[in-house]
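Colleague: Encoded as structure tokens, here's the structure I'll be asking about.
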Amino acid sequence: MKISINGREISQEEPPYIIAELSANHNGSIELAKKNIDAAKGCGVSAIKLQTYSADTMTINCNKKDFIVNGGPWSGSKLYDLYQIAGTPYEWHEELFAYAQNQNLTIFSTPFDESAVDLLEELDAPAYKIASFELTDLPLIKYIAQTKKPILMSTGMATFSEIEEAINTAYRHGCNQLLLFHCISSYPAPIDQANLLQINKLKEQFSVPIGLSDHTIGDVASIASVATGAVAIEKHFTLSRQNKGPDSEFSIEPSEMTNLVRRANEAWKAMGSELIVRPSSEDLNRAFRRSIYFVSDMKKGQKISSKDIRRIRPGFGLEPKYFDELIGKEVTEDVFYGDPVSWVKLDLNKEN
Numbered sequence: 005m006k007i008s009i010n011g012r013e014i015s016q017e018e019p020p021y022i023i024a025e026l027s028a029n030h031n032g033s034i035e036l037a038k039k040n041i042d043a044a045k046g047c048g049v050s051a052i053k054l055q056t057y058s059a060d061t062m063t064i065n066c067n068k069k070d071f072i073v074n075g076g077p078w079s080g081s082k083l084y085d086l087y088q089i090a091g092t093p094y095e096w097h098e099e100l101f102a103y104a105q106n107q108n109l110t111i112f113s114t115p116f117d118e119s120a121v122d123l124l125e126e127l128d129a130p131a132y133k134i135a136s137f138e139l140t141d142l143p144l145i146k147y148i149a150q151t152k153k154p155i156l157m158s159t160g161m162a163t164f165s166e167i168e169e170a171i172n173t174a175y176r177h178g179c180n181q182l183l184l185f186h187c188i189s190s191y192p193a194p195i196d197q198a199n200l201l202q203i204n205k206l207k208e209q210f211s212v213p214i215g216l217s218d219h220t221i222g223d224v225a226s227i228a229s230v231a232t233g234a235v236a237i238e239k240h241f242t243l244s245r246q247n248k249g250p251d252s253e254f255s256i257e258p259s260e261m262t263n264l265v266r267r268a269n270e271a272w273k274a275m276g277s278e279l280i281v282r283p284s285s286e287d288l289n290r291a292f293r294r295s296i297y298f299v300s301d302m303k304k305g306q307k308i309s310s311k312d313i314r315r316i317r318p319g320f321g322l323e324p325k326y327f328d329e330l331i332g333k334e335v336t337e338d339v340f341y342g343d344p345v346s347w348v349k350l351d352l353n354k355e356n
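Using the numbering used here, read the sequence shown as starting at 5 and increasing by one per residue.
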């Protein structure tokens, strides 16, 4: 399966599709959100992505312990309060979509409920992302699939059966372009738990292209994922971690994103082709492989002994595999020290 967003194909035949996740890194300022869009564009990313929710569409305003975050970067926060701070206001969306589009930068979002999908449909969002936490929200997946837009799904915390159920729900209700993102839902994710080998397992199991939603610190996992077959990379993006937004701790800055884009593209180029065809860059050095040369002056009709030829560099003579076959052959012309051995100089009709 191939997937295309705004005419950009996402596959192993194309450079990795790199998404800058704005998330909460606007810190409550639409102007800061626009500066993030400017910076992401300058880094060379393929797209910028928002998250579309409000505190009321995400949870309820409740003080019971179930609604208090225990552990991680948001430990002690009430869910409702956290989402009030982190959310991208619905009324910003039209302006931010237009701002990115005016820069020819693809913009789409992760909707967290049906009202968010409705808003994004009004803005003609070209694709939808399903967050790891919503992968089991099958009614939401059904609603998104009915738009018939490409769907990107993160798989953090999910079992194979849960992933399969989400995929099947999407297919049954109209989705025909789907990309899975291997994801570790830890913020930040420890590098030794990145489990990038799961990318190949997901591809084998579900026969869809696989990306990486990377929450590790730095870009090592993102770059390495390209070598394991990832066709897309999603990374949280901020102008500066010093801004201390809810997601800043595991976000990368513009210089780091620029480096990620460059290195991911280099990694993709390094992957090349699985066909055993030697690259043109080796052509000049083929001359320095070993081959068989005369190391004695010989007269026409003389028989070659092992002392008359050697396997040496360069590579303009016969291949070394013919060395034993040449012993006892007669030369059909005078040959000299340093001449390459070739079949035309030998009598091939006489047995050794």
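For glycine and all other residues, C-beta sits at the position ideal for the given N, C-alpha and C.
All values reported here derive from a predicted model rather than from experimental measurement.
I believe residue 145 touches residue 110 by the beta-carbon criterion, under 8 Å. Please report the beta-carbon distance rounded to the nearest angstrom.
Modeller: About 22 Å separates the two Cβ atoms, so there is no contact after all.
Colleague: Identify every run of the alpha helix (DSSP H) within the segment 276 to 348, keeping only runs that are complete inside it and at least 4 residues long; order them along the chain.
Modeller: Correct list: 327 to 330.
Colleague: Which whole-angstrom value is the C-beta distance of residue 272 and residue 93, which I expect to be below 8 Å?
Modeller: The Cβ separation is near 36 Å, so there is no contact.
Colleague: Just checking my contact of residue 216 with residue 254 at CB under 8 Å: how many whole Å lie between their CB atoms?
Modeller: With 8 Å as the limit, residue 216 and residue 254 do not qualify as a contact, their Cβ atoms being about 14 Å apart.
Colleague: Within 7 Å (strictly less), CB to CB, does residue 204 reach chain D?
Modeller: Checking the listed chains, one finds no chain D in this structure; it contains a single protein chain.
Colleague: Would you check if the distance between the CB atom of residue 203 and the CB atom of residue 159 is smaller than 7 Å?
Modeller: No, Cβ-Cβ distance for residue 203 and residue 159 is not below 7 Å.
Colleague: Just to confirm before moving on: does the CB-CB distance between residue 362 and residue 15 stay below 7 Å?
Modeller: A question about residue 362 goes unanswered here, because the residues of the chain that appear run from 5 up to 356.
Colleague: From which residue to which residue does the beta strand (DSSP E) around residue 218 run?
Modeller: It spans 214 to 218 - the beta strand (DSSP E) in which residue 218 sits, taken as one unbroken run.
Colleague: Within 10 angstroms of its Cβ, does residue 157 collect 16 or more other Cβ (buried), or is it exposed?
Modeller: Burial call: buried.
Colleague: Taking contact to mean at least 3 C-beta pairs separated by less than 8 Å, is the segment 29 to 40 in contact with the segment 287 to 304?
Modeller: Because the criterion of three Cβ pairs below 8 Å is not met, the segment 29 to 40 and the segment 287 to 304 do not touch.
Colleague: If contacts are defined as beta-carbon pairs under 8 Å, then residue 192 and residue 221 qualify, I think. What distance do you get, rounded to the angstrom?
Modeller: At roughly 5 Å, the Cβ-Cβ gap stays under 8 Å, so residue 192 and residue 221 are in contact.
Colleague: Roughly how many whole angstroms lie between the Cα atoms of residue 333 and residue 354?
Modeller: Approximately 7 Å between the Cα atoms of the pair.
Colleague: Relative to the C-alpha of residue 180, which candidate in 171, 187, 188 has its C-alpha closest?
Modeller: Taking only the C-alpha atoms, the option nearest residue 180 is 171.
Colleague: Would you say residue 264 and residue 43 are within 7 Å of each other, going by their C-beta atoms?
Modeller: Their beta carbons are not under 7 Å apart, which means residue 264 does not touch residue 43 by this criterion.
Colleague: Any idea which residues DSSP pairs residue 119 with across the strands?
Modeller: Paired residues: none, contrary to the question.
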